[in-house]
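*Asks:* Have a look at the structure that comes next, please.
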Amino acid sequence: MTRSEFLAPLIGEPWAWQTRNCWDFACHVEKELFGRDLPHVSVPSGFSKRWVLESFEGHPERGLWREVPEGPGGLVVAADGALVLMAHLRVPAHIGVWLQSEQRVIHCDERQGVACETVLALRQMGWKKLTFFEPMET
């Protein structure tokens with residue numbers, strides 16, 4: 018199966034609380050496209066931004082990834098398959114996967130389901146802070 022054959026049918030799939038939330042979807046893409054097994058994280062009902070922040074910051078998996086600084090003029094220089102933490106201000110509340118050749122982030126949210134968007138489109142949607150992380154082995 019080609020990359021396009023994998024990605025195309027995903028677009029528009031609905032978001033689902035415990036089976037197709039942003040983290041579960043990022044895990045699926047990482048596994049299928051990049052062969053990376055990321056840990057399952059149970060998202061509690063009624064989760065808060067603090068829970069998201071503590072989960073992203075404090076999970077042992079975080080130590081296996083390094084933050085990628087922005088390139089000149091804010092260009093994305095992260096490798097294909099980098100995780101993308103998204104925040105409206107400072108606190109990350111959403112995650113997706115960077116697709117370098119497509120120059121897009123694939124993610125799953127409650128409003129749209131699975132979408133594949135440019136960095137500019139994400140910023141226009143209110144995700145003002147995007148932080149890219151590559152696995153340490155890269």
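Be aware that the sequence shown starts at 18, since it is given in the numbering used here, and climbs by one per residue. Ideal placement from N, C-alpha and C gives every residue a C-beta, glycine not left out. Keep in mind that this is a model prediction, so the values were computed, not measured.
#1: Residue 151: which of 111, 52, 81, 126 sits nearest, CA to CA?
#2: From residue 79 to residue 87, what distance separates their C-alpha atoms?
#3: Excluding five sequence neighbours on each side, which residues of the same chain lie with their C-beta closer than 6 Å to the C-beta of residue 44?
#4: Between residue 35 and the rest of its own chain, which residues show a CB-CB distance below 8 Å, the 5 nearest in sequence each way excluded?
#5: Would you mind giving the Cβ-Cβ distance between residue 124 and residue 105, rounded to the nearest angstrom? I have them listed as a contact below 8 Å.
#6: Among all the DSSP beta bridges, which residues are the ones paired with residue 124?
#7: Name the two residues that bound the continuous alpha helix (DSSP H) containing residue 146.
#8: Name, in chain order, the residues that DSSP records as bridge partners for residue 34.
#9: Buried or exposed for residue 121, going by 16 or more other Cβ atoms inside 10 Å?
#10: Under the assumption that residue 93 contacts residue 46 (Cβ atoms under 8 Å), give the Cβ distance between them as a whole number of angstroms.
*Replies:* Per the coordinate set shown:
#1: 81
#2: 19 Å
#3: 55
#4: 41, 59, 60
#5: Contact doesn't hold; Cβ gap of about 14 Å is too wide.
#6: 113, 132
#7: Run containing residue 146: none in the alpha helix (DSSP H); it sits in the beta strand (DSSP E), 146-152.
#8: Partner(s): none; residue 34 has no beta bridge.
#9: buried
#10: The Cβ separation is near 17 Å, so there is no contact.
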